[in-house]
Each structure stands twice: as C-alpha cells, then as structure tokens.
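The numbering of the sequence shown is the working numbering, which starts it at 90 and goes up by one.
What follows is a single structure, written as structure tokens, with notes after it.
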Amino acid sequence: MKKKLTFAAALLAASVLGGVANAKTLVYCAEASPEGFDPAPYTAGQTFDASSRTVFNRLVEFDHGKTTVSPGLAESWTISDDGKEYTFKLRKGVKFAATDYFTPTRDFNADDVVFSFQRQVDKNGPWFQYIPGIAYQYYNDQFGDNITKVEKVDDMTVKFTLKEPAITFIPTLGMDFASVVSKEYADKLQADKTPELFNQKPVGTGPFIFVDYQTDAAIRYKANPDYWGGKQKIDDLVFAITTDPAVRAQKLKAGECNIMSYPAPADIAGLQADANLKVDEQEGLNVGALMYNTQQKPFDDVRVRKALNMAINKKAIIDAVFQGAGQVAINPIPPTMWSYNKDVKDDPYDPDAAKKLLEEAGVKDLKMNVWAMPVSRPYMPNARRTAELIQADFAKVGVTVNIVSYDWGEYLKRASAVDHDGAVIVGWTGDNGDPDNFLGVLLSCASVGSNNRAEWCNKDFDALINKAKTVSDQAERTKLYEQAQVIFKEQAPWATLAHSKVFMPMQKTVSGFAMDPLGIHRFDGVDIAE
C-alpha cells in the first residue's frame, strides 16, 4: 500500500512547485548540496545528479544502468580512418528550456556544442574564469591538449580533431563535464554582466527544468514539456538535501521521500525489512583510499608510504565501517572492471615491519593530518570513523594523527591543491566504465593539482596509461593497465582501502529507477504508482 507524504514533505513540495492538484511529485533524499549547477567545473557526484543528469544532455548518453552509450544530442557520428577526426550529426528540433529567467529564441545547434567545449580551454575567453578560482579539472584530466580543434561544419554538424587517437573519446563525451550548454543564454548573461547566474540558474535541454534552490535544503525541478525524449511521467522533482544517512532512512520510512541515497550500513537490514520499501543493490564500480601527498615530506619517500600502508588494519575498517557491504581494495580500480590485475599482492598488515621501515627512512615521532570527508559516499560510508581507526593504527607505530575536515565543496577544493597537507580520505566511482577513468583521472601527471590528490607523477606509469588510450585492441590495453597497476602498488601513492557494494532504498511505489554502475542518480523514466 502506498504511503502518503507527511505534512512536512507535502508542504515542501506544494509550497515551491505550485501545489498542482494531481501532479506527481517525486522527492529524492540527497546526501549533499551541489557545488553549483554548471557541471563543467566540478567532479562531485551530488553536483552531477543535481545539474547534468536533470537539466542537461550530452552528445552521447549512457544507457540506463549500463556503461554503454547511445546517441544523445548527436544522432550519429563518423570516425576518420586514422582515428583523429570525429564528425557528429546533431539532432534537429531540440529546444533549450524556457524559464522565468530566460526565453530561448532558437533551437539547439552546433554553436552550442562548440561553445560548451571551447569555454573550457580558451584561457582568454570570458567564461574560462567566470567563477573565481574555477578550474575545468575534468576536461584537463580527460582530454588535456589532445583536442586540437572543435569546429562548426554547418548548423547541425560538428567536427572534433584530435592530436592522437583516443579509444575513450566517445564514452568520455557521455560524462557530465561534456554537457552541452546554451551559448545564447551565456551571451545574454555576459551582456547583462551577470555571468555568475550561469552557475546558479541553469538552462539546458534535459528532462527537467530548474525551478529553485534553497541553499543546503531543497532543489526543485519540473518536467520539461518540450523535452526531445518526451515529457517525464513525474511532474515535479524535489531534491531534499539530508546529510545524515540515518535521517535519510527515517524520512524514507516515514514517506517523506520516495528514494534515498547511500544508506548507512547499519540501517540496511531495517530498510530491507520494511514492507513498504525495496532496496536494490549491486557491486560498486568504485574505490575508497587514503591518498598521501607525495610531494610533501616525508610522504615523498616510498618507504614511508609503504610503512603507513602496512600499519593499517583494512579488515577492521571493512568490518566496522562497511559492515559486510565492502571488500578490501588492493588495486586503484575495482575488481569488477576489465584489466584488473589479479596478480598484484596487497601490502600486508604488519605493524612491526611498518615500524622498522619508518626507522629505516629516518622518520621518528611523525605528526600528520588525516582528512575525513564530511559526507557519506558509496566508496566510504563513514570517513570520520575510518579516520579514527587509522589514527589508532598509526599510533601503534609511533605516528600521531590529527583528523581534519571541511564542508564537502571546500574539502574537494582544498584537497586538490598541490600543497595540501597530510593524507586525504577520498575515492571514486567510475564515470564511463573505462580503466582510464580511474588510472588517468586520479593518477596521471596531467591530473596533479586536480583529481590526482596524491599529487603523484610517475613517468613510467604515465607512459603506460597514455599509450593505452591510443590503442584500440582491448587485450593490448589490458596488458598496459596491468603493468601500470604493478607500478602503482610498488610506489604506493595511496593506501587502497575498500570497494563497496551500493544500496538504493526506495518506496515500492517507485518504478523505472535503474541503479547505475557509474554512480549516477537519474530520474528520467521514473514513475510513481497512484
């Protein structure tokens, strides 16, 4: 039997969505606030859920619940024989949403595609630094300088020219940073001298239209009546931002939300036992880790990193924090991903050996910071508890740990800085199903100062992963990635901690929601039974 929304939840939905009688409203209890609503400058999942996967589209789209791609804003594409030119035929008749703050005068076309990519590389353009301190990390991590040209062939045709072939190019275009934005809207904001609104009031071609954001409380959307994929079955969508996983679970049980993200492991059994709920689950395409700043002494010494790795009781972390919903991580990619190197051996838990190695490295009475994330993520449900366990483990080998944290957006920003101190607990959920999305984005030399929070640059490792991107044969790519994982383990820029199972609780009245291996929460195609 369908649970009714509590008075508070009903009031939340009705007060900002117009209280339309008989309208279907889906309330999603989200774990964190978005950093903004322009998906290009950011890397966090909650930001993508709130922006790129609701308001925007991309040239290609990942199929629901899969890592395969299908045509999106591009109906088709061709690739030159040398693998360096990609020509996209664009979908006709696609409209940018009309809102109370912008009314488009034309349909989507090639100008929007060119602008969406060029703004992320044109350092002299007005949109490169329109947000103070902005950095298009993902573009740099994924493409670097490999895209030499994005050009408009005609109104409905765009051509990308690459310096080197890239087997990952098409799936990368399905990633959130590659969302296509409105050049016309950008031009208007630039003329009005209000460019900051581009990140606050988004305009896209996606299944939902942005309505309102109450900071750290709720985001409201309505179904896009002109969506090229067809109007959605739900009329209104509300993100109820609820940082505490226990509170999210309470709200779901009380009927205050229809779907919740990332339950605490301790709450899963109770959610599974609730007759009004269903809890979907799958192995996560993720990894959680403690990432040392390898450019900072004494973490620039591989012996110190190896010693600290041997001091961590990973099994205790899995038992206490993941409570049966995770497994010890050995490599920087999950075992569900192709090219995972099964022959790599983990650093053993051996405090005595850790002490000796620290002595050999000349390290005594080390004091360090361990950063703990303030939010739950699929790869790390409770970073504070994990940090406390690491703190106790390190104390046994004579290392004193100070645990620090910041608001999530600030945490990510500070942890990207090359001079950040200590070691950071953070992780990753794959964005496109390719090993490069882990090894390249998180560990390449090009990613230092952005998503490479170990600030680690190893030329041999880099050569292997860069070569793998230019090779089309998967067996050959696998060999290269396997070698890269060996170097990673030898050099130990991280203490790999865990891969988790992901759970998605929801009301039984919800249909059409697909768990996604890429960690995406999508609400297109979702319905609620009357």
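Yeah, the Cβ is synthetic: ideal placement off N, Cα and C, and Gly gets one too.
For this session: If I'm right that GLN416 touches ILE407 with Cβ under 8 Å, what's the distance once you round it to whole angstroms?
Result: 7 Å
For this session: Assign ASN420 to one of two classes, buried (16 or more other C-beta atoms within 10 Å of its C-beta) or exposed (fewer than that).
Result: buried
For this session: Work out the CA separation of GLU544 and TYR381 for me, nearest whole Å.
Result: 8 Å
Exercise. Hey, how far is the Cα of TRP583 from the Cα of VAL368?
Worked result: 32 Å
Problem set entry | Contacts around ALA409, its chain only, beta-carbon distance under 7 Å, and the 5 residues preceding and following it disregarded | ARG474, LEU478
Problem set entry | Local Cβ density within 10 Å of PRO524, reported as buried at 16 or more and exposed below that | buried
For this session: Please report the Cβ distance between LYS597 and LEU366, rounded to the nearest whole angstrom; I am assuming they are in contact, meaning their Cβ atoms lie under 8 Å.
Result: 6 Å
Exercise. Which residue comes first and which comes last in the alpha helix (DSSP H) that contains TRP497?
Worked result: 497 to 505
For this session: Pull up the distance between the alpha-carbon of GLY295 and that of ALA450, whole angstroms please.
Result: 55 Å
For this session: Counting only the same chain and skipping the five closest in sequence on each side, list residues whose C-beta sits under 7 Å from that of SER271.
Result: PHE185, PRO193, ASP201, VAL292
Exercise. Just to confirm, are PHE388 and VAL144 a CB contact at a threshold of 8 Å?
Worked result: no
Exercise. How many angstroms separate the CA atom of ASP510 from the CA atom of ALA306?
Worked result: 31 Å
For this session: Measure the CB-CB distance between TRP517 and ASN375 and report whether it falls below 8 Å.
Result: yes
Exercise. Nearest CA to the CA of ASP609: which residue from ILE576, PHE137, ASN547?
Worked result: The sequence shown places Ile at residue 609, not Asp. Residue PHE137 is the option with its Cα nearest to ILE609.
Exercise. Hey, VAL269 and LEU162: beta-carbon distance below 8 Å or not?
Worked result: yes
Problem set entry | beta strand (DSSP E) segment containing VAL202, residue limits | It is not in any beta strand (DSSP E) - VAL202 instead sits in the alpha helix (DSSP H) that spans 199 to 207.
Problem set entry | Three-state class that DSSP yields for LYS241 in the structure shown | strand
Exercise. Using the rule of at least 16 other Cβ atoms within 10 Å of the residue's Cβ for burial, across every protein chain shown, is SER600 buried or exposed?
Worked result: exposed
For this session: Go through its chain and collect everything with a Cβ distance to THR95's Cβ below 8 Å, but skip five positions before and after it.
Result: In this prediction, THR95 scores a pLDDT of 41, lower than 50, which makes its location untrustworthy; no coordinate-derived value is stated.
Exercise. Taking C-beta to C-beta, are ASN541 and LEU528 nearer than 8 Å?
Worked result: no
Problem set entry | Neighbourhood of MET593 by C-beta, 6 Å cutoff - its chain only, sequence neighbours within 5 removed | ASP369, MET604
Problem set entry | Terminal residues of the alpha helix (DSSP H) in which PHE550 lies | 548 to 558
Exercise. Which of the three DSSP states, helix, strand or coil, is assigned to GLY487?
Worked result: coil
Problem set entry | Buried/exposed call for TRP427, threshold 16 Cβ in 10 Å | exposed
For this session: Could you check what DSSP says for ALA362 in three-state terms: helix, strand or coil?
Result: helix
Problem set entry | Nonlocal neighbours in the same chain, by C-beta distance under 8 Å from LYS453, ignoring five residues either side | LEU447, GLY487
For this session: Could you tell me if ARG195 is buried or exposed, where buried requires 16 or more neighbouring beta carbons within 10 angstroms of its beta carbon?
Result: exposed
For this session: Return helix, strand or coil for VAL210, following the three-state DSSP convention.
Result: coil
Problem set entry | Beta-carbon separation (whole angstroms), ALA587 vs GLY413, contact threshold 8 Å | Not a contact, Cβ separation roughly 12 Å.
Exercise. Hey, would you say MET399 sits closer than 8 Å to ASP439, going by beta carbons?
Worked result: yes
For this session: For the beta strand (DSSP E) containing GLY415, list its first residue and its last residue.
Result: 415 to 417
For this session: Compute the Euclidean distance between the alpha carbons of ASN213 and ALA618, then round it to the nearest angstrom.
Result: 51 Å
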